[in-house]
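In this note's numbering, the protein residues as written are 243 to 594.
C-beta: ideal position from N, C-alpha, C; glycine also.
Heads up: the structure comes next, in structure tokens.
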Amino acid sequence: MRSLETLLQTGRWSGLWMLAVLLPQLACADTLRVLSWPGYADADLVRAFEARTSSQVNITYIDSDDALWERVQRNNGQDFDVFAVNTAELQRYVRALLVAPIDIAQIPNTARQLPRFRQLERISGLVHQGQLFGVPYTYAEMGLIYDRQKVKTPPTSIAALWDPQYRGKVLLYNGSTHNFSLTAQSMGISNPFQLASKQWPAVVNQLIGLRRNALGFYTQPDESVALFRQKGATLMLANYGSQQLQLLRAAGADVGYAIPKEGTLAWLDTWAITRQAKNTALAHAWINYLLEAAPSQALEMRQGLANTVNEPSQLRPTDRLVWLQPVEDSARRQQLWERIYSGDRAAKVLAP
């Protein structure tokens, strides 16, 4: 019997060999390359999409905005077709020409979304020069979680975080950008994301006051649950909103949830399509599919995250969500917050 190598040296077999090599590639011609946060596309949902579209979905997961930016811009967006990004971050992808306009006509399930997510022009960062660059998918509002045994009257204002009766009983998120925005919002500053030079001293003083009420700080949802229960917190700024509420209740905590009358800061994640996408039709189909009932319910039931199709139980239609926007100077906010976090006084915090 002649060896395979010998057969390949004859013109008779070379064509069959090349076909065998190319067939797997041809079979996977409709491949969608997705860059996603964990929990946004569970395996069973991906399989359902693949079966429906006769495609293959390759998912890469990231865990930070910095990692997302690095992966997308590494090869000018050529490595992925569609990715999940929040509205505050989306704007720099638009400026860098890394994302393509989205054809809303190819995503008919947007008609199923709640009114606040169909009013695209009212959500900062989505529309640029009349073109849409992101479709809302999931979000979390930063409400107030409180111990129902210790707080008999639910808080109605952000000011509760500064209430002297809660000195040393408030659990806070360890994040410079959000804490400055929250503080500016509590002071009635119209744009808490763009502080003017003259506003910094007052905001710093107010944030130092919040620091005095702190029982502790957290960065991740699971960590906040452990600290809330172990340290006996009375009130917590819920940076992850309903996700933390679900985790605490699952752990047996008797907690309530309140949305401040001033409105609540909220992050909104969208799906965006890269300018270098190889199959934009499949990318549009992916976004459309994830707005269906099953994927939307999975976000809520499995992840404790809100979807854009159903009004979550902890929110009322009248509750005002203040979507995050890019801030004036993230580096300065971080530098000042580190000093505040360390317990420095205002004069030292603001020192050059």
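Using three-state DSSP, classify T295 as helix, strand or coil.
Indexing the sequence shown from 1 puts residue 295 at position 53. Helix, per DSSP.
Under three-state DSSP, which class holds Y583?
Locating residue 583 in the sequence shown gives position 341, counting from the first residue. Three-state result, Y583: helix.
At which residue ranges does the stretch 379–428 contain complete alpha helix (DSSP H) runs of 4 or more residues, listed in the order of the chain?
418–428
Go to D511, then tell me how far its alpha helix (DSSP H) extends in each direction, as first and last residue.
Residue numbering aside, residue 511 sits at position 269 when the sequence shown is read from its first letter. Note, D511: premise wrong, no alpha helix (DSSP H); beta strand (DSSP E) at 506–516.
At a cut of 8 Å, does the stretch 384–396 reach the stretch 547–554 through at least three beta carbon pairs?
no
Could you give the DSSP three-state label for L277: helix, strand or coil?
Counting from 1 along the sequence shown, the entry for residue 277 is found at position 35. Residue state, collapsed to three classes: strand.
Please name the residue in L507, D323, N351 whose C-alpha comes closest to that of P343.
Against the sequence shown, residue 343 aligns to sequence position 101. Measuring from the Cα of P343, the nearest candidate turns out to be D323.
Once the 5 residues before and after Q556 are set aside, which same chain residues still bring their CB inside 6 Å of it?
Start at 1 with the first residue of the sequence shown, and residue 556 comes out as number 314. These residues qualify, in order along the chain: S484, Y499.
What three-state label does DSSP hand I304 in the structure shown?
Within the sequence shown, numbered from 1, the residue matching residue 304 stands at position 62. Correct three-state label for I304: coil.
Hey, out of R575, W579, A514, whose CA is closest to L339's CA?
Taking the first residue of the sequence shown as 1, we reach residue 339 at position 97. Residue A514 is the option with its Cα nearest to L339.
Using the Cα positions of Y335 and Y282, report the straight-line distance between them to the nearest angstrom.
Within the sequence shown, residue 335 is the residue found at index 93, counting from 1. Within the sequence shown, residue 282 is the residue found at index 40, counting from 1. The straight-line gap from Cα to Cα measures roughly 20 Å.
Taking L566 as the reference, which of A493, L332, Q315 has the closest Cα?
Looking up residue 566 in the sequence shown gives position 324. For L566, the nearest C-alpha among the options comes from L332.
Between the beta-carbon of F459 and the beta-carbon of N416, is there less than 8 Å?
Residue mapping note: residue 459 aligns to position 217 of the sequence shown, counting from 1. Residue mapping note: residue 416 aligns to position 174 of the sequence shown, counting from 1. Yes, the pair counts as a contact, with Cβ atoms nearer than the cut-off.
Among the candidates Q348, A285, Y482, whose CA atom is the shortest distance from the CA of W509?
Reading the sequence shown from its first residue, position 267 is the one you call residue 509. With distances taken between Cα atoms, W509 lies closest to Y482.
Is DSSP giving V564 helix, strand or coil here?
On the sequence shown, residue 564 is found 322 positions in, with the first residue counted as 1. DSSP places V564 in strand when its eight states are reduced to three.
Contacting residues, own chain, Cβ-Cβ under 8 Å from R491 (five flanking each side not counted):
The residue labelled residue 491 in the question sits at position 249 within the sequence shown. Same-chain partners within the cutoff: V497.
Any heavy atom of the ligand PLP closer than 7 Å to the beta-carbon of Y282?
By its list of ligands, the structure shown contains no ligand whatsoever, and the ligand PLP lies outside what it can speak to.
Just to confirm, is the Cβ distance from M384 to T506 under 8 Å?
Residue 384 sits at position 142 when you count from the first residue of the sequence shown. Residue 506 sits at position 264 when you count from the first residue of the sequence shown. The answer is yes: Cβ separation under 8 Å.
At what residues does the alpha helix (DSSP H) containing L479 begin and finish?
For this step, residue 479 is matched to residue 237 along the sequence shown. First-last for L479: 477–479, but that is the beta strand (DSSP E), not the alpha helix (DSSP H).
Can you look up G498 in the DSSP assignment and give me helix, strand or coil?
Here residue 498 corresponds to residue number 256 of the sequence shown, with the count starting at 1. Correct three-state label for G498: strand.
Determine whether the beta carbon atoms of L424 and D464 lie at a separation below 8 Å.
Along the sequence shown, one-based indexing puts residue 424 at 182. Along the sequence shown, one-based indexing puts residue 464 at 222. Result no, Cβ atoms of L424 and D464 do not sit closer than 8 Å.
Can you give me the start and stop residues for the alpha helix (DSSP H) that N447 sits inside?
As a first step, residue 447 must be located in the sequence shown, where it is residue number 205. Element bounds for N447: 442–454.
Measure the C-alpha to C-alpha separation of V206 and A330 and round it to an integer number of angstroms.
Lying before the first or after the last residue shown, residue 206 is absent from the chain, which here runs from 243 to 594.
Go ahead and pull the three-state DSSP assignment for A342.
In the sequence shown, the residue the question calls residue 342 occupies position 100. Correct three-state label for A342: strand.
Short of 8 Å in beta carbon distance, which residues of its chain neighbour A468, apart from the five on each side in sequence? Order them along the chain.
Counting from one through the sequence shown, the residue named residue 468 turns up at place 226. Nothing meets the Cβ criterion.
For P455, is the classification buried or exposed, using 16 other Cβ atoms within 10 angstroms of its Cβ as the cut-off for buried?
Here the question's residue 455 lines up with position 213 in the sequence shown. Position check: residue 455 holds Asn in this sequence, whereas Pro was assumed. Classification of N455: buried, given that the 10 Å Cβ count is 16 or more.
Close beta carbons around R575, own chain, < 7 Å, minus the five adjacent residues each side
Taking the sequence shown and counting its residues from 1, one reaches residue 575 at position 333. Closer than 7 Å at Cβ, skipping near neighbours: S418, T419, F422, V569.
If I measure Cβ to Cβ from K520 and keep anything under 7 Å in the same chain, skipping five residues before and after, which residues do I get?
Sequence index remark: in the sequence shown, residue 520 carries index 278 (1-based). Contacts found: D323.
Where does L368 fall in DSSP's three states?
Position 126 of the sequence shown, counted from the first residue, corresponds to residue 368. In this structure, L368 counts as coil in the three-state DSSP scheme.
8 Å contact criterion, which V299 and L277 should meet: CB distance rounded:
Counting from 1 along the sequence shown, the entry for residue 299 is found at position 57. Counting from 1 along the sequence shown, the entry for residue 277 is found at position 35. That pair is no contact at about 12 Å.
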